[in-house]
Amino acid sequence: MQYGYFDLANKEYVITRPDTPAPWANYLGDPEYGAMISNNACGYSFVKSGANGRISRFRFNSNMALPGRYIYIRDNDTADYWSASWQPVGKPLDQYKSVCRHGTAYTIMTADYASVHSETTYYVPYHQTYEVWRTKITNTSDKPRKLSVFGFVEFTNDNNYEQDQVNLQYTLFITRTSFEENRIIQHINENSGKDASGSNHKERFFGMVGAPVSGWNGNLDSFIGPYRTYSNPIAVEQGKCDGSMNYNSNACGALQSDLELTPGETAELIYILGQRNSAEAATILDTYKTLGKVDAEIAELKNFWHKELSNFQVNTPSPEFNNMINVWNAYQCFITFIWSRAASFVYCGLRNGYGYRDTVQDIQGIIHLDPEMAADKIRFMLSAQVDNGGGLPLVKFNHNAGHENTPDDPEYVKETGHPSYRADDALWLFPTIVKYIGESGNKAFLDEVIVYANGGEATVYDHLKNAIRFSMERLGAHDMPAGLHADWNDCLRMGAKGESTFVAFQLYYAMRVIRDMAQQRGDSDYVAYIDDIQAKLGASLEKCWDGDRFIRGIREDGVVVGAKKDPEASMWLNPQSWAVISGFASKDQAEQSMESVHRILNTPYGIKLLDPPYRAHYFDGALMHIFNPDTKENGGIFSQSQGWAILAESLLGHGNRAFEYFMESSPAAMNDRAEIRVMEPYVHGQFTESTASPYAGRSHVHWLTGTASTVMVGCVEGICGMRPNADGLVISPSIPSSWDGFTIEKNFRGKHLSIRVENPSHVQSGVKSLTLNGKELSGDFVPAAELKDQNEITVVLG
Ligand code: GLC
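For the sequence shown, the UniProt record's numbering puts the final residue at 798, and the numbers step up evenly by one.
Structure, rendered in structure tokens:
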């Protein structure tokens, strides 16, 4: 079933059937003011934090009666009413036509019902801390119409999400609303002192301009009415907001405008929601009396985002690839970069910090689009590295670099719930930093001095050396990095001294990266040191080869995890892909292990994380056994790992396989089977249920997932073959042999590259010739020094 389509030219996903299998969401705003909105206008808003700055309500884990940003329209001649989004009123779809356009940081919904056309645009103005809903209502009949329009939002009673939801004996009694001129003001903890520092006093507003306000409600129960819901509010049904305000009850903002529209006439109403006092709200509202302000602000948002996305645009024969890489995967990378795992329709915002590994990986997804934005976050994450070389497992949103406790301090453990370091955290810095230096050419980055989380400072280069030291000081019995509390897999505990091959491959890769850096810097002692320890690590890893696969690790008690002979979990994806990515696997091992991946783990919806899933033969540290088989880490198609598989296959030159994995797991490729996937067909999720589930193919945990960045990297570096390094750009695509070629428009270090890849012999990889501005170069490398402002690059495969 298809519910919508990709509009590549406008960088929008257009939903033409509003009865999508789940609310399909979009993100508006930035860290200062965030908002999520579905194709039916449900969602919520918050200032700075989804958990501690929540201003409007949402109902998690339910698709029923969802609060949102609702605009109701009532025909006062017939008493019929509907909403400007299909839900919440939900008129029959044979009479109600709606189109929702999710764009880059804005969403537009149009509706046609009873000869009234409405067009509502929702957005947070660029770098502002409030949101705008602009609705244009047109009488498309040939008769004059009398309409009432109601804008509505359900406020929380407390900025803390949990307090608002559960501590009702307190939060019900701290708010009241009032009406002033064109706005409802919600006062919270008013008696705690308006100006006193440390006061909890807050004011929110919901106001409007564009039409006179003819009625209002600040009391949720009065607007909705008893035993009713958002689909049939009594105020809308009766055509009259009764003016009541909340006091010791739940608050809302509802503003009614009575309109008379001649045939063809349009009214434009602008609602604004935010956390500001009444005077500030009045000033903001006044600015929207200026005609054209909304359109200018939408244009500003589009300009900003489209410019970011324009830094890398690809044109291949695959619309799925183009739509994801040019728009939706890229936008999702920015969203995960900005929001980490903070707030979605699944995460309610209570995780008040950045996961070290998550964020360092998320950064990778935007490096090719905005390397300097990435660099700022890299600096921040380096300042969350402890002076022993490990990363803080959770970096608080109010991280105070240089003054933080560490997992060695009981206070940190108590505050964050993280009892220990994790073996992998700081190792993610290597691929991220090497990609940044490649994209930007900023070799001096390695000399920047950055503070450690717990005090002291070092150059970036020394931070990286320290990360190697951290692993080397924590080796297990087989000379591979010890698992500590966990590796990438949150559900795998092999014991503090247990060893993970995944981390060992990461360390092997890190050694490759730092060896190059050391060599460039003339740090020959360190090169010699790395040569020595890398050879030893390699010897240990060699023993982890089990016929046609690498094992997953060795537990503290010496038992192997992921041995070929094991009855369950005998085959794991990540050690195979990382054996290739790290450069460790021999040609034979690489070919065999990736072939085993395809044979054992592949499904029509992507590659399983492990197989068979744990049912009866788990050990205590195999925490994933608590999940249903073929779900999440217990044999689900863990989407983040698809990106590494795409990259590994590409590095092996297997373009067909890489693209097969891309298509299987690509949201866009499920657009015409969206009822199976359920989640947005333009967004990656955390995992997809695999074949042992009765709901195979259904995806979960939308938007905020490391999948965005790994798949992006797999496609850009792998399939497109764009691999910048400190001195220039390697171009080595791995594409389906059926492609005649493809093109890329890329901004690179302030210059523009127009790259044409031709595939006359229909191979999967291998560069036959490379021409830069008419000059033939040898190999697949474009030296940065030879680039002009505008460059024509032709790559012929064969
Ligand atoms: C989730 C976590 C991430 C972890 C992954 C695998 O995505 O956010 O940190 O690596 O699961 O367990």
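Cβ coordinates follow ideal geometry from the N, Cα and C atoms, glycine included.
Quiz prompt | Residue range of the unbroken alpha helix (DSSP H) whose run includes H306 | solution = In the sequence shown, residue 306 corresponds to position 306, counting from 1. In the DSSP assignment, H306 falls within the alpha helix (DSSP H) that extends over 293-310.
Quiz item: Expressed to the nearest angstrom, what Euclidean distance is found between the alpha-carbon atoms of V386 and V434?
Solution: For the purposes of this step, residue 386 is identified with residue 386 of the sequence shown, where counting begins at 1. For the purposes of this step, residue 434 is identified with residue 434 of the sequence shown, where counting begins at 1. Whole-angstrom Cα-Cα distance: 20 Å.
Exercise. Put I530 into one of helix, strand or coil per three-state DSSP.
Key: For the purposes of this step, residue 530 is taken as residue 530 along the sequence shown, with counting starting at 1. If DSSP states are grouped into helix, strand and coil, I530 belongs with the helices.
Quiz item: Around the Cβ of T78, are there at least 16 other Cβ atoms within 10 angstroms (buried) or fewer (exposed)?
Solution: To locate residue 78, count along the sequence shown from 1; it is residue 78. Exposed is the call here.
Quiz prompt | Limits of the alpha helix (DSSP H) - the one that G655 falls within | solution = The residue labelled residue 655 in the question sits at position 655 within the sequence shown. From DSSP, the alpha helix (DSSP H) with G655 extends over 655-665.
Practice problem: Helix, strand or coil for T432, going by three-state DSSP, please let me know. | Solution: Walking along the sequence shown from the start, residue 432 turns up at place 432. Helix at T432.
Exercise. Please say whether Y271 and T140 have beta carbons closer to each other than 9 Å?
Key: Sequence index remark: in the sequence shown, residue 140 carries index 140 (1-based). Sequence index remark: in the sequence shown, residue 271 carries index 271 (1-based). For T140 and Y271, no; Cβs fall outside 9 Å.
Practice problem: Kindly indicate which residue of L573, S118, N574, V503 has the alpha-carbon position closest to the one of S540. | Solution: On the sequence shown, position 540 is the one that residue 540 refers to. The candidate whose alpha carbon is nearest that of S540 is V503.
Quiz prompt | C-beta contact flag for N322 and N315 at 9 Å | solution = Start at 1 with the first residue of the sequence shown, and residue 322 comes out as number 322. Start at 1 with the first residue of the sequence shown, and residue 315 comes out as number 315. Yes, the Cβ-Cβ distance between N322 and N315 is below 9 Å.
Practice problem: Could you check the C-alpha separation between D740 and P319 for me, to the nearest Å? | Solution: Here residue 740 refers to the residue found at position 740 when the sequence shown is read from its first residue. Here residue 319 refers to the residue found at position 319 when the sequence shown is read from its first residue. Approximately 15 Å between the Cα atoms of the pair.
Quiz item: For S98, is the classification buried or exposed, using 16 other Cβ atoms within 10 angstroms of its Cβ as the cut-off for buried?
Solution: Locating residue 98 in the sequence shown gives position 98, where the first residue counts as 1. Around the Cβ of S98, a 10 Å sphere holds 16 or more other Cβ atoms; the residue is buried.
Quiz item: Got a sec? Which residues, its chain only, sit under 6 Å from L610 by beta carbon, not counting five neighbours each side?
Solution: Locating residue 610 in the sequence shown gives position 610, where the first residue counts as 1. Excluding positions up to five away in sequence, the list reads A569, W572, G635.
Quiz item: So who's on the other strand from I224, going by DSSP bridges?
Solution: On the sequence shown, position 224 is the one that residue 224 refers to. Answer is none; I224 lacks a bridge partner.
Practice problem: Return the first residue and the last residue of the alpha helix (DSSP H) that K414 is part of. | Solution: Locating residue 414 in the sequence shown gives position 414, counting from the first residue. 410-416 is the span of the alpha helix (DSSP H), which, as asked, contains K414.
Quiz item: Over what stretch of residues does the alpha helix (DSSP H) that includes Y461 continue unbroken?
Solution: Taking the first residue of the sequence shown as position 1, residue 461 is located at position 461. That run of the alpha helix (DSSP H) goes 460-472.
Quiz item: Between R474 and the rest of its own chain, which residues show a CB-CB distance below 7 Å, the 5 nearest in sequence each way excluded?
Solution: Taking the first residue of the sequence shown as position 1, residue 474 is located at position 474. Excluding residues within five positions, the ones whose Cβ falls inside 7 Å are P481, A482, L484.
Quiz item: Under 9 Å, do V132 and A267 count as touching if we go by C-beta distance?
Solution: Numbered from 1 along the sequence shown, position 132 holds the residue referred to as residue 132. Numbered from 1 along the sequence shown, position 267 holds the residue referred to as residue 267. The answer is no: Cβ separation not under 9 Å.
Practice problem: Go through its chain and collect everything with a Cβ distance to G522's Cβ below 7 Å, but skip five positions before and after it. | Solution: Within the sequence shown, the letter at position 522 stands for residue 522. Same-chain partners within the cutoff: there are none.
Quiz item: From E404 to N352, what distance separates their C-alpha atoms?
Solution: Within the sequence shown, numbered from 1, the residue matching residue 404 stands at position 404. Within the sequence shown, numbered from 1, the residue matching residue 352 stands at position 352. Cα-Cα distance, rounded: 15 Å.
Quiz item: Under a three-way DSSP split, which group does H403 fall into?
Solution: Along the sequence shown, one-based indexing puts residue 403 at 403. Three-state result, H403: coil.
Quiz prompt | G562 Cβ short of 8 Å to the ligand GLC heavy atom set | solution = As a position in the sequence shown, residue 562 is number 562, starting the count at 1. No.
Quiz item: Under the DSSP definition of a beta bridge, which residues are partnered with D7?
Solution: Residue mapping note: residue 7 aligns to position 7 of the sequence shown, counting from 1. In DSSP, D7 forms a bridge with E12.
Quiz item: What does E131 pair with, by DSSP beta-bridge criteria?
Solution: Translated into positions along the sequence shown, residue 131 becomes position 131. E131 is bridged to L273.
Quiz item: Which first and last residues belong to the alpha helix (DSSP H) in which L492 is found?
Solution: Locating residue 492 in the sequence shown gives position 492, where the first residue counts as 1. Where L492 is concerned, there is no enclosing alpha helix (DSSP H), given that its DSSP letter is neither H nor E.
Quiz item: If we count the other Cβ atoms within 10 Å of its Cβ and call it buried at 16 or more, is K543 buried or exposed?
Solution: Within the sequence shown, numbered from 1, the residue matching residue 543 stands at position 543. Looking at its Cβ environment, which holds fewer than 16 other Cβ atoms inside 10 Å, K543 is exposed.
Self-check item: Y661 classed as buried or exposed, judged by whether at least 16 other C-beta atoms fall within 10 angstroms
Solution: Taking the first residue of the sequence shown as position 1, residue 661 is located at position 661. Y661 comes out buried.
Self-check item: Backbone CA spacing between R657 and E717 [nearest angstrom]
Solution: Numbered from its first residue, the sequence shown carries residue 657 at position 657. Numbered from its first residue, the sequence shown carries residue 717 at position 717. Taking the straight line joining both Cα atoms gives about 15 Å.
Exercise. Report the three-state DSSP secondary structure of K202 (helix, strand or coil).
Key: Numbered from 1 along the sequence shown, position 202 holds the residue referred to as residue 202. Residue state, collapsed to three classes: strand.
Quiz prompt | W644 - DSSP class collapsed to helix/strand/coil | solution = Residue mapping note: residue 644 aligns to position 644 of the sequence shown, counting from 1. In the three-state reduction of the DSSP assignment, W644 falls in the helix class, which pools H, G and I.
Quiz item: So what's Q87 in DSSP terms, helix, strand or just coil?
Solution: Here residue 87 refers to the residue found at position 87 of the sequence shown. Coil at Q87, not helix or strand.
Quiz item: Counting pairs of beta carbons, one from the segment 776-791 and one from the segment 741-760, are three or more of them closer than 8 Å?
Solution: Here the segment 776-791 makes contact with the segment 741-760; the two share three or more CB pairs at distances below 8 Å.
Quiz item: Going by beta carbon distance, what residues of the same chain come within less than 7 Å of L507, once the five residues before and after it are set aside?
Solution: Mapped onto the sequence shown, residue 507 falls at position 507. The residues are L427, S471, P481, L537.
Quiz prompt | Spatial distance of Y81 from F659 (CA atoms) | solution = Counting from one through the sequence shown, the residue named residue 81 turns up at place 81. Counting from one through the sequence shown, the residue named residue 659 turns up at place 659. Approximately 49 Å, taken between the alpha carbons.
Quiz prompt | Three-state secondary structure assigned by DSSP to Q169 | solution = Residue numbering aside, residue 169 sits at position 169 when the sequence shown is read from its first letter. In the three-state reduction of the DSSP assignment, Q169 falls in the helix class.
Quiz item: What are the start and end residues of the beta strand (DSSP E) that includes I325?
Solution: For the purposes of this step, residue 325 is identified with residue 325 of the sequence shown, where counting begins at 1. Where I325 is concerned, there is no enclosing beta strand (DSSP E), given that its DSSP letter is neither H nor E.
Quiz item: Span of the beta strand (DSSP E) holding Q686?
Solution: For the purposes of this step, residue 686 is taken as residue 686 along the sequence shown, with counting starting at 1. Under the DSSP assignment, Q686 falls in the beta strand (DSSP E) whose first and last residues are 685-688.
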